[in-house]
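Undergrad: Order-wise, the sequence lines are chains A and B. Using this note's numbering, the letters of the first sequence correspond one by one to residues 1 to 170. Using this note's numbering, the letters of the second sequence correspond one by one to residues 1001 to 1586. Just so it is clear, CB atoms sit at the ideal spot from N, CA and C, and this is done for glycine as well. All values reported here derive from a predicted model rather than from experimental measurement.
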Amino acid sequence: MSKFAFLNKGEARALRPKAMLILIPTVGLAAVLVLQLMLSNALAGGAHQLRDLKNESEQLNTDVQILSEEVDSLASQQNLAEAAKQLGMVSNANPVFLNLESDRVYGEPQPAISEEKLRVSGNLISNTAMSTTTDLSTLVQNPSVGVATAEIAGGEVILSSAMIPASPTR
Amino acid sequence: MGAHDAQPRNRLRIIALLLSAVLGIVGFRLVEFQVVLADDINEISDAKREVQRTIESQRGSIVDANGEVLARTIYRYDINVAPNMVGPVFRDVEGVRIELTVGEIAQELALILDMDVNEVFQALSGEGNYANLKKRVNASVFQQVETLDIPWIFVDEISYRLYPSGAVAGNLVGFVDVDGYPLAGLERQYNTCLAGVDGQETFERSAQGMKIPSSAQTIKPPVEGGDLQLTIDSDLQYFTQQVLADAVQSQNAEYAVGVVIEVETGRLLVAAEAPSVDPNDPSLIPSEHRQSKIFQNSYEPGSVMKAITTSIAVDTQNANAYTQIIAEDSMSLPWGDTIDDSFDHDPRKLTPAGILTISSNVGITKLAGEIDRNIRYDYLLDFGFGDQSAINFEGESSGLLRPADEWDGMTNLTTLFGQGLAVTPIQMAYSYQALANDGVYLDPVLVESCTRDGESTMQPNQQSTRVLDQSTARVTVDMMEKVVERGGVGKTAQVPGYRVAGKTGTAQIQADDGSGYGDEFAISFIGMAPAEDPKYVVSVMVYKPEGATNSAGATPPFKSIMSQVLRHYRVPPSTTPSANIPTEWE
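1. Give the DSSP-derived three-state secondary structure of B:Arg1011 in the structure shown.
2. With distances taken between CB atoms, is the gap from B:Lys1293 to B:Phe1417 smaller than 9 angstroms?
3. Could you confirm whether any beta carbon from chain A is found closer than 9 angstroms to the beta carbon of B:Ile1158?
4. Assuming B:Ala1493 contacts B:Lys1535 under a Cβ cut-off of 8 angstroms, what Cβ separation, rounded to an integer in Å, is found between them?
5. Can you list, in chain order, the residues of the region 1073-1087 of chain B whose Cβ is nearer than 7 angstroms to any Cβ on chain A?
6. Hey, which unbroken runs of the beta strand (DSSP E) at 3 residues or more fall wholly within the region 1215-1247 of chain B?
7. I'd like the list of long-range same chain contacts for B:Pro1275, defined as Cβ closer than 6 angstroms, with 5 residues on each side in sequence excluded.
8. What's the call for B:Pro1151, buried or exposed, on a 16-neighbour Cβ count within 10 Å?
9. Answer yes or no: do B:Phe1175 and B:Pro1347 have a C-beta to C-beta separation smaller than 9 angstroms?
10. Looking at the unbroken alpha helix (DSSP H) that takes in B:Asp1382, where does it start and where does it end?
11. Mind checking the region 1157-1191 of chain B against chain A and listing, in chain order, the residues whose C-beta falls within less than 7 angstroms of any C-beta there?
12. When Cβ atoms are compared, which residues of the region 1316-1348 of chain B fall closer than 9 angstroms to chain A?
13. For A:Ile125, tell me which candidate among B:Thr1265, B:Phe1393, B:Val1243 has the shortest Cα-Cα distance.
14. Determine the direct distance from the alpha carbon of B:Ala1245 to that of B:Pro1530, and round the result to whole angstroms.
15. Do you know how far the Cα of B:Thr1265 is from the Cα of A:Thr132?
16. Enumerate in chain order the residues of its own chain whose CB-to-CB distance from B:Glu1485 is below 7 angstroms, with the five nearest sequence positions on each side excluded.
17. Under a three-way DSSP split, which group does B:Ala943 fall into?
18. How many angstroms separate the CA atom of A:Gln77 from the CA atom of A:Pro109?
19. Roughly how many angstroms lie between the CA atoms of A:Ala148 and B:Met1541, to the nearest whole one?
20. Helix or strand or just coil, what does DSSP make of B:Pro1352?
21. Taking all protein chains shown into account, do 16 or more other C-beta atoms lie within 10 angstroms of the C-beta of A:Ser40, making it buried, or fewer, making it exposed?
22. So the candidates are B:Ala1247, B:Ile1358, B:Phe1385, B:Gln1459; which of them puts its Cα closest to the Cα of B:Glu1481?
23. One question on the structure: do B:Leu1566 and B:Val1483 come within less than 9 angstroms of each other, judged by their Cβ atoms?
24. If you follow the alpha helix (DSSP H) that B:Arg1290 is part of, which residue opens it and which one closes it?
25. Mind checking who B:Pro1182 pairs with in its DSSP beta bridge?
26. Can you list, in chain order, the stretches of the alpha helix (DSSP H) that have 4 or more residues and sit fully within the region 57-121 of chain A?
27. Could you list the residues in the region 1009-1037 of chain B with a C-beta less than 7 angstroms from some C-beta on chain A, going in chain order?
28. Looking at chain A, which residues of the region 1237-1268 of chain B have a Cβ within less than 7 angstroms of any of its Cβ atoms?
29. Taking three-plus beta-carbon pairs below 8 angstroms as touching, is the region 1155-1165 of chain B in contact with the region 1075-1083 of chain B?
30. Any chance the region 64-76 of chain A sits against the region 1131-1143 of chain B, with 3 or more Cβ pairs inside 8 angstroms?
31. When DSSP labels each residue in this structure, what does A:Gly154 get in the three-state scheme?
32. Please state if the CB of B:Gln1296 and the CB of B:Ala1272 are separated by a distance shorter than 9 angstroms.
33. Which two residues bound the contiguous beta strand (DSSP E) that contains B:Leu1100?
34. Nearest chain A C-beta to B:Pro1496 closer than 9 angstroms, yes or no?
35. Tell me the DSSP secondary structure of B:Arg1499 in three-state form.
36. If we define contact as Cβ-Cβ less than 9 angstroms, is B:Val1423 a contact residue for chain A?
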C-alpha cells in the first residue's frame, strides 16, 4: 500500500485556510517588495532628474557669468572712453545751464573743442579684466544704426518724423 | 529496537544541539551587531556613504557711490587632466561616431586654452592621475572645454576676485592674493565686512556616487560677505586718473595725486593716483605704486600751507584783508639764516591777498611769524595735520608735525610756508575743505556703508570741528580768489564761467641723503569753486616733475578736473563778482 493517501474533498477544504495563511503574507511581501522597487526606481529617477537640473542650472550660471563679464567690459570707463574717442565725440567744456525757475541762462554757449590736439588722450588707465571691446565697425559703416539724427531747420528742432517737434527753448 | 533506534535519536540530538549552537551564535552576533556595536557600525557605514562638504561663502562686493561695481567675486576654473587615463575620445558628429586621437584632442585643447600644442601634449603624457593644464581660465574658456566632453579632463571651480574697472580706484580698493586673502587697500581694511563665513553640509551618496536628495543636512549655514559702498564716484575718478596720467607722462614726473571733496558733507569723491595699480594684476607695476600715496605718503607741502597760515593770522586777529606788509625778496634772521622768496623783486607793499598772490615767503613770515607757536600748533591739529585722518586707511601716515615746543627758531618760521612739517595729500586737501566749509572741518568719509543681508552693519561716524570763525573762512577764500584772478601761475587755474579760489605750492624736496633741499619739487594746486559758495575742493599734486621750478604743471590738471567736477554735478556758473579786496597798498 502506498505511503501516501489521497485527501477527499472534505479534508482538502479543511486544509485550505492554512494555505491562505501562507499565501496572503507571501503576496503581501511580494507587493511590498514590488512597491519598494518602484519607490527605489522613482527615487533614483528623481536623483537623476535632480542631477540634470543641477547641471542645467550650472550651465545657466556659467552663461550668466560670461554675459556679465562681457557687460562689465563693455560698460567699463576704459572701453567707453576709447569708443567715444573713435567716434570723434568731444566733451563740451562750456555747457550752458538754464534755470527754469528764474528764467535765466547761465554761461556762454561755445562750440565744443574739436581740434585733435585738444581732445582728451586715449585711455591711459589699465584694465586687464576687459575681455571685450565695443565693435564700432558696423556703426561707422552704417551711420543710421543706433545713431539718433537731428536736423536743425529754421530754429525748430526736428527729432524725427515720428516724434513731436521739440518746443523752442526760451 | 535497541541500538538501531538509539542512533537516529542521537543524531537528531546532535543536529539539534549544533543547530542550537549555531542559532545561539547567530543570535549572539545579532545582539552584538544590533545592540552592542550598533552605533560603531552605523558610524562606519555613514562614513562610507556620507560626504561632508564646505559650502563656500561669497566675498561681498565693493561698489562706488552710484552702485557701480569696483570689485566682485566670480569663478575661474583650473583645467586639469588625469594623465594615466588619457586615451582616444569617441564623439558623435552628425550621427556618426568618430574616434579622436590624443594628438587631435591636444590640438583642440591648445587652441581653446591658448597654449602651445607641445605643452599640452607634454601634460597629457604624464604618469600620475593629476596634472594641471591651465589655471584660472574664464567661464567662456571653461564652457568650451566642457563642450569637448573629454572624460579624462576635470575642472576645479575657484573663487576669483574681479575688478571690472581695472585700475580705476585701484589704489583705494586694494587687492587679494590668489587664495582670496586680502593684501592691500579697502579689501584688507574692511575684510570683516567683505569676508563671508563658510558653511558645512553633509549628504549621503549612492553606490553610483550620486547625492541622495533627502539625505542633505546643513550643519552650518554659510554667511555671505557684506557689500561695501564707497563715496567715490568712479566716472569722475576715471577722468581724474586720466588727467593725472597725462600729466605724469607729459611732465615725466614720478607720480601725481588728485583729490575731490564734497565740501558740505566731507565725502571723498575722488582719490586718484597715477600710476595706479590694476588690482586684477598688481604685478604689472612696481611695488611702490601699489599702495595709496594719498594716505600713505607724506611730503613737505610748501606754499599751499600759506592759505592756512593766513587764515590763522586772521582768526587770531593778527591780520585782516587790509593788513599792510612790506615784503622784501629776502629776510635775514637773527641767528644768521635767511628766508627768501622764490624770485628777486623790489620791496612790495602787500596785503595778505597780495602775499598769497605772489606767494611771498617773506610776506607770510612777517604776517604771522609773531603768532605764538603753541596757538599755531593747535590750529594745525584742528586742521587735521599731525594725525591720521578719520578714514584710518591701511598704513595711513600721520605726516610729521612735531610739538611746538620742539620747533627750533627756523622751524617756527618755515612751518608758516609749508616747510619743516610733512603732510599727506589727504590732510592737505581736507584742510582746504575747512576753509571752504565756513571754517568747519569735517572728518573725511570714504566708506558710506557696509550692508549684509540688506541691513546696514556700519555707517560713518563723522565728527565736525569748528576751526575758524565763519567770517575768517570767508575772507580767506576771498583772498585766495585773488590768486586765481591775478597770480602769474594762479591765473592758469581759472575755469571759464566760475569764480575759483586756490593756492599754488612749489615745495622743494629734501635729498634722500639728508644734504638739504635739492632741485626737485612737489608742485601742487588746491582750489575750490564756486568761490562765492564753495561746493567742491580739488587738490592736485605732481611729484618730481622734470625741470619744473614752479607750480605751472599743477594748474592745468586742476583746471581740467575742476571743470569736469562742476559740469558733472551740474553746478551753475557764478553770477557775482569777486570780493573787492586789495592785494597791494599805497
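TA: Reading it off the structure:
1. On the second sequence, residue 1011 of chain B is found 11 positions in, with the first residue counted as 1. Looking at B:Arg1011 - three-state DSSP - the assignment turns out to be helix.
2. Your numbering for residue 1293 of chain B matches position 293 in the second sequence. Your numbering for residue 1417 of chain B matches position 417 in the second sequence. No, they are not a contact pair.
3. Translated into positions along the second sequence, residue 1158 of chain B becomes position 158. Not closer than 9 angstroms to any Cβ of chain A, the Cβ of B:Ile1158 fails to qualify, so no.
4. For the purposes of this step, residue 1493 of chain B is taken as the residue at position 493 of the second sequence. For the purposes of this step, residue 1535 of chain B is taken as the residue at position 535 of the second sequence. That pair is no contact at about 16 angstroms.
5. Ile1074, Tyr1075
6. Runs of beta strand (DSSP E) with 3 or more residues, each lying fully within the region 1215-1247 of chain B, are found at 1217-1220, 1227-1230, listed in chain order.
7. For the purposes of this step, residue 1275 of chain B is taken as the residue at position 275 of the second sequence. Same-chain partners within the cutoff: Ile1285, His1289.
8. If you number the second sequence from 1, residue 1151 of chain B lands on position 151. The residue in question, B:Pro1151, is exposed, as its Cβ has fewer than 16 Cβ neighbours within 10 Å.
9. Start at 1 with the first residue of the second sequence, and residue 1175 of chain B comes out as number 175. Start at 1 with the first residue of the second sequence, and residue 1347 of chain B comes out as number 347. No, the Cβ-Cβ distance between B:Phe1175 and B:Pro1347 is not below 9 angstroms.
10. Start at 1 with the first residue of the second sequence, and residue 1382 of chain B comes out as number 382. 1373-1382 is the extent of the alpha helix (DSSP H) around B:Asp1382.
11. Leu1162, Tyr1163, Pro1164, Ser1165, Gly1166, Ala1167, Val1168
12. none
13. Here residue 125 of chain A refers to the residue found at position 125 when the first sequence is read from its first residue. Nearest C-alpha to A:Ile125: B:Val1243.
14. The residue labelled residue 1530 of chain B in the question sits at position 530 within the second sequence. The residue labelled residue 1245 of chain B in the question sits at position 245 within the second sequence. Distance between the alpha carbons of B:Pro1530 and B:Ala1245: 26 angstroms.
15. Counted from its first residue, the first sequence places residue 132 of chain A at position 132. Counted from its first residue, the second sequence places residue 1265 of chain B at position 265. Just so you know, the alpha carbons of A:Thr132 and B:Thr1265 end up roughly 38 angstroms apart.
16. Indexing the second sequence from 1 puts residue 1485 of chain B at position 485. Hits under 7 angstroms: Ser1578.
17. Coverage of chain B is limited to positions 1001 through 1586, which leaves residue 943 of chain B absent and any answer about it impossible.
18. On the first sequence, residue 77 of chain A is found 77 positions in, with the first residue counted as 1. On the first sequence, residue 109 of chain A is found 109 positions in, with the first residue counted as 1. Straight-line Cα distance between these residues: approximately 27 angstroms.
19. For this step, residue 148 of chain A is matched to residue 148 along the first sequence. For this step, residue 1541 of chain B is matched to residue 541 along the second sequence. Because the pLDDT at A:Ala148 is just 43, under 50, the model does not fix this residue reliably, and the value given afterwards should be weighed accordingly. Distance between the alpha carbons of A:Ala148 and B:Met1541 is about 41 angstroms.
20. Residue mapping note: residue 1352 of chain B aligns to position 352 of the second sequence, counting from 1. Three-state result, B:Pro1352: helix.
21. On the first sequence, residue 40 of chain A is found 40 positions in, with the first residue counted as 1. By the neighbour-count rule (16 or more Cβ atoms within 10 Å), A:Ser40 is not buried but exposed.
22. In the second sequence, counting from the first residue as 1, residue 1481 of chain B sits at position 481. It is B:Ile1358.
23. Counted from its first residue, the second sequence places residue 1566 of chain B at position 566. Counted from its first residue, the second sequence places residue 1483 of chain B at position 483. Taking 9 angstroms as the Cβ cut-off, B:Leu1566 and B:Val1483 do not qualify as a contacting pair.
24. Along the second sequence, one-based indexing puts residue 1290 of chain B at 290. Unbroken run through B:Arg1290: none, as it is neither H nor E.
25. Taking the second sequence and counting its residues from 1, the one referred to as residue 1182 of chain B is at position 182. B:Val1176, per the DSSP bridge assignment.
26. 77-86
27. none
28. Contacts with chain A (Cβ-Cβ distance below 7 angstroms) from the region 1237-1268 of chain B involve Tyr1238, Gln1241, Gln1242, Ala1245, Asp1246, listed in chain order.
29. yes
30. yes
31. Walking along the first sequence from the start, residue 154 of chain A turns up at place 154. In this prediction, A:Gly154 scores a pLDDT of 39, lower than 50, which makes its location untrustworthy; no coordinate-derived value is stated.
32. Counting from one through the second sequence, the residue named residue 1272 of chain B turns up at place 272. Counting from one through the second sequence, the residue named residue 1296 of chain B turns up at place 296. Not a contact, by the Cβ cut-off of 9 angstroms.
33. Numbered from its first residue, the second sequence carries residue 1100 of chain B at position 100. 1096-1100 is the span of the beta strand (DSSP E), which, as asked, contains B:Leu1100.
34. Within the second sequence, residue 1496 of chain B is the residue found at index 496, counting from 1. Yes, B:Pro1496 lies at the interface with chain A (some Cβ there is under 9 angstroms from its Cβ).
35. The residue you call residue 1499 of chain B lines up with position 499 of the second sequence. Looking at B:Arg1499 - three-state DSSP - the assignment turns out to be coil, as it is neither helix nor strand.
36. On the second sequence, residue 1423 of chain B is found 423 positions in, with the first residue counted as 1. It does not: the Cβ of B:Val1423 has no partner Cβ on chain A nearer than 9 angstroms.
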